[in-house]
Amino acid sequence: MNQKKSITEKRRRPADKAAYVCIFLFTFLVVAMVILFVACILYKGLPGLSLDFLTTAPNPIEQTIGILPSIINTAYMILLAILIAVPIGVGGAIYLCEYAKNKRLIRIIEFTTETLSGIPSIIFGVFGYVFFCTLLNLKVSLLSGALTLTIIVLPTIVRTTGEALKAVPASYREAAMGIGATKWYMIHTVLLPSASRGIITAVILAIGRIIGESAALLLVAGGSAMYMPRGNFFEQIMGSGATLSVELYRYAYSRGENEIGFSIAVVLLVISVLLNVAVKGINKKLGGEKNGK
Amino acid sequence: MANKIIAKDLNLYYGAHHALKNISMDIKENCVTGLIGPSGCGKSTFLKTLNRMNDTVPGVKVEGTVLLDGEEVYQKAVDVTQLRKKVGMVFQNPNPFPMSIYDNVAYGLRIHGIKKRIVVDEIVEKSLRGAAIWDEVKDRLKKPALSLSGGQQQRLCIARTLAVQPDVILMDEPTSALDPISTMKIEELMSELKKDYTVVIVTHNMQQAARISDYTAFFLLGELVEYGETSQIFSMPQDKRTEDYITGRFG
């Protein structure tokens with residue numbers, strides 16, 4: 008019964024070992040899938056990539072394909088949606104964190120934004136079609152697309168900015184108020200700079216969402232990018248046009264041209280990697296400054 | 005000496021909790037007044053009524069009178085930012101902003117619309133000297149304030165308060181988060197500060213109150229038990245409770 012065992016005597020622990028093997032396999036699977044996925048897209052997409060592909064519009068007569076129009080459309084979409092959504096989203100987050108007093112109201116608004124962020128984007132597309140394209144008579148256009156995207160990214164911006172504002176120590180607020188700063192002065196000189204990392208992260212997340220959106224935009228902004236946007240700025244944003252993701256969808260869907268889809272996929276992949284690198288870089292830079300290192 | 009601040013029949017409630025009970029107290033100009041008492045006795049709450057930092061606490065209600073230079077602090081017409089410009093505050097934990105040392109001190113000036121570079125430079129230096137930290141930071145004014153040690157940060161916060169050129173400085177346990185040497189530096193600073201300012205300081209440390217304050221007030225359970233010259237409070241307390249507290253029988 009009371010047999011003494013040496014501490015050097017190894018015991019078998021089969022469950023331990025099995026768990027280790029499983030966990031290792033799962034991790035390997037995740038990594039392997041990413042590698043496989045990226046490799047597949049590069050393999051299929053890279054041959055079609057060329058400078059002409061990136062810098063021209065499709066030409067049906069010469070039978071050449073180019074994606075410049077959709078790159079421009081994407082840039083417009085990012086610019087417009089961010090310009091509209093960031094002030095509204097950051098403003099809303101400031102109101103929720105700094106001004107709103109009614110706890111129940113805050114909870115309701117927070118719950119609503121959470122819910123909004125979980126709704127499939129095609130539903131926003133249907134709404135955008137009815138509301139922006141038809142009711143406000145903005146037609147199927149880049150502007151309708153940007154407005155629809157605004158609704159789609161608002162919850163992300165409000166929530167991410169809100170988290171960043173909540174993370175600013177209360178002592179900063181006290182310090183500013185304690186020497187006679189007004190609330191708004193305190194917010195724009197202390198709170199917003201301290202929360203800038205979170206706000207920039209919010210913007211980049213939003214850009215990612217904008218670039219990736221396809222279903223909703225297909226409805227409200229148009230499904231093809233055969234031509235360059237024409238006319239002055241306002242005429243251009245009132246015209247219809249597909250972004251990269253929508254183009255990708257169109258090419259992938261049409262028979263015989265799905266290599267082009269893969270080439271666009273490579274472009275999108277590169278953009279999203281760059282965005283991620285940007286987030287990391289900004290976080291590192293701002294984080295370092297703050298801590299004085 | 006003249007009375008800088010006069011509190012009369014001051015009552016404060018946090019919801020149903022009666023946190024300050026009929027406080028009447030005159031705070032003398034160009035003196036250091038120490039507020040002592042056990043945790044939760046109302047000393048910090050009283051301090052915060054003097055520049056209305058309690059205003060933002062939900063459910064707070066203040067009755068009675070606080071006069072600053074004869075003007076009622078709790079009247080409707082008061083602009084709290086002007087009040088806090090006159091009655092600045094230094095907090096328990098050093099709370100510099102995540103900006104440079106220079107910008108921290110210049111912050112208060114910018115609030116109040118002083119932007120001229122030469123003027124700002126001059127006041128920043130004067131304030132840092134006033135807070136006895138100039139020599140330590142003069143070569144690195146552009147460095148982040150958060151790179152300073154805790155004690156330096158607290159003196160920087162004092163400089164930030166001085167830059168606004170207040171009449172009164174409220175300090176809420178300014179040394180309780182600091183090491184003994186930093187504490188000593190700040191205590192030495194007090195005796196300098198009172199030449200130009202009226203200082204009211206909350207402290208947990210009775211020796212500190214005895215060392216630095218000219219007048220001492222003893223708070224207990226929201227009441228002002230005893231108030232008078234520090235030498236008298238510590239040598240001949242009139243109230244049994246004061247004696248028990250300063251001899252360490254409770255607290």
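The listed protein sequences derive, respectively, from chains A and B.
Going left to right, the first sequence walks through residues 8 to 300 as the numbering used here numbers them.
Going left to right, the second sequence walks through residues 5 to 255 as the numbering used here numbers them.
Here a beta-carbon is modelled for each residue, glycine too, at the ideal position from N, C-alpha and C.
No experiment lies behind these values; they were computed from the predicted model shown.
Quick one: what does DSSP say residue i is sitting in, helix, strand or coil?
i	result
valine 41/A	helix
threonine 220/B	strand
glycine 92/B	strand
lysine 12/B	strand
serine 48/B	helix
threonine 179/B	coil
asparagine 265/A	helix
valine 172/B	strand
threonine 208/A	helix
valine 206/B	strand
glycine 299/A	Because the pLDDT of glycine 299/A is 44, which lies under 50, any placement of that residue in the model is unreliable, and the question is left without a value.
glutamate 191/B	helix
tyrosine 50/A	helix
threonine 168/A	helix
asparagine 7/B	strand
asparagine 97/B	coil
threonine 85/B	helix
tyrosine 260/A	helix
glutamate 69/A	coil
How far does the beta strand (DSSP E) with residue i in it extend, from its first residue to its last?
i	result
lysine 190/A	Here lysine 190/A belongs to no beta strand (DSSP E); instead the alpha helix (DSSP H) covers 190 to 193.
glutamate 67/B	64 to 72
leucine 24/B	21 to 32
glycine 41/B	That residue, glycine 41/B, is in no beta strand (DSSP E); it is neither H nor E in DSSP.
State the Cα-Cα distance for the pair residue i and residue j, rounded to the nearest angstrom.
i	j	result
glutamate 93/A	isoleucine 164/A	Checking the displayed sequence, the identity of residue 93/A turns out to be valine instead of glutamate. Using only the alpha carbons, I get a separation of about 7 Å.
lysine 47/B	isoleucine 122/B	40 Å
threonine 220/B	threonine 187/B	19 Å
glutamate 254/A	valine 280/A	20 Å
glutamine 158/B	lysine 32/B	25 Å
lysine 120/B	valine 168/B	15 Å
isoleucine 115/A	alanine 107/A	12 Å
valine 70/B	lysine 8/B	11 Å
methionine 29/B	glycine 63/B	25 Å
threonine 49/B	serine 217/B	19 Å
isoleucine 89/A	glycine 152/A	12 Å
glutamine 212/B	tyrosine 111/B	30 Å
serine 261/A	leucine 145/A	29 Å
glutamate 117/A	isoleucine 130/A	20 Å
lysine 173/A	arginine 166/A	10 Å
tyrosine 58/A	alanine 22/A	The amino acid occupying residue 58/A in the given sequence is leucine; tyrosine does not appear at that position. Straight-line Cα distance between these residues: approximately 56 Å.
alanine 81/B	leucine 228/B	29 Å
serine 13/A	alanine 26/A	26 Å
glycine 68/B	aspartate 13/B	5 Å
asparagine 265/A	phenylalanine 60/A	15 Å
Could you check whether the Cβ of residue i sits closer than 8 Å to any Cβ belonging to chain B?
i	result
serine 168/A	Correcting the residue identity first, residue 168/A is threonine in this sequence and not serine. No, because no Cβ of chain B sits closer than 8 Å to the Cβ of threonine 168/A.
threonine 208/A	no
asparagine 298/A	Per-residue confidence for asparagine 298/A stands at a pLDDT of 48, beneath the threshold of 50, marking its modelled position as unreliable; the derived number appears in the next sentence. Closer than 8 Å: yes.
serine 201/A	yes
isoleucine 271/A	no
tyrosine 50/A	no
methionine 235/A	no
threonine 120/A	no
Is any beta-carbon of chain A found at less than 8 Å from that of residue i?
i	result
asparagine 15/B	no
lysine 89/B	yes
glutamine 86/B	yes
methionine 57/B	yes
isoleucine 10/B	no
glycine 92/B	yes
arginine 159/B	no
alanine 135/B	no
Hey, quick one: how far does the alpha helix (DSSP H) through residue i stretch, first residue to last?
i	result
leucine 75/A	75 to 101
glutamate 230/B	Unbroken run through glutamate 230/B is the beta strand (DSSP E), 227 to 233; no alpha helix (DSSP H).
valine 124/B	121 to 134
isoleucine 162/B	154 to 167
glutamate 117/A	110 to 125
methionine 235/A	Taken as a continuous stretch (DSSP letters only), methionine 235/A belongs to no alpha helix (DSSP H), as it is neither H nor E.
threonine 246/B	244 to 250
arginine 180/A	177 to 185
Is there a Cβ of chain C sitting closer than 8 Å to that of residue i, yes or no?
i	result
glycine 112/B	The structure shown has no chain C; the protein chains it does contain are A and B.
> Can we say the region 43 to 57 of chain B touches the region 164 to 178 of chain B, given the rule of at least three CB pairs closer than 8 Å?
Replying inline: For the pair of segments examined, the region 43 to 57 of chain B was found to touch the region 164 to 178 of chain B: the number of CB pairs separated by less than 8 Å reaches three.
> Hey, is the region 183 to 193 of chain A in contact with the region 83 to 101 of chain B, meaning 3+ C-beta pairs nearer than 8 Å?
Replying inline: Yes, the region 183 to 193 of chain A is in contact with the region 83 to 101 of chain B.
> On the three-pair Cβ rule with 8 Å, is the region 67 to 85 of chain A touching the region 242 to 253 of chain A?
Replying inline: Taking a cut-off of 8 Å for Cβ pairs, the region 67 to 85 of chain A and the region 242 to 253 of chain A touch, as three or more such pairs fall below it.
> Between the region 179 to 196 of chain B and the region 104 to 111 of chain B, do three or more beta carbon pairs fall short of 8 Å?
Replying inline: With a cut-off of 8 Å on Cβ pairs, the region 179 to 196 of chain B is not in contact with the region 104 to 111 of chain B, counting fewer than three such pairs.
> Should the region 36 to 53 of chain A be called in touch with the region 213 to 225 of chain A, which here means at least 3 C-beta pairs below 8 Å?
Replying inline: Counting Cβ pairs under 8 Å, fewer than three are found: no touch.
> Would the region 125 to 136 of chain B and the region 149 to 165 of chain B be scored as touching if the rule is three or more Cβ pairs under 8 Å?
Replying inline: These segments touch.
>> Quick check: the region 269 to 285 of chain A against the region 51 to 69 of chain A, are at least 3 beta-carbon pairs closer than 8 Å?
In response: Contact between the region 51 to 69 of chain A and the region 269 to 285 of chain A is present: three or more C-beta pairs spanning the two stretches fall below 8 Å.
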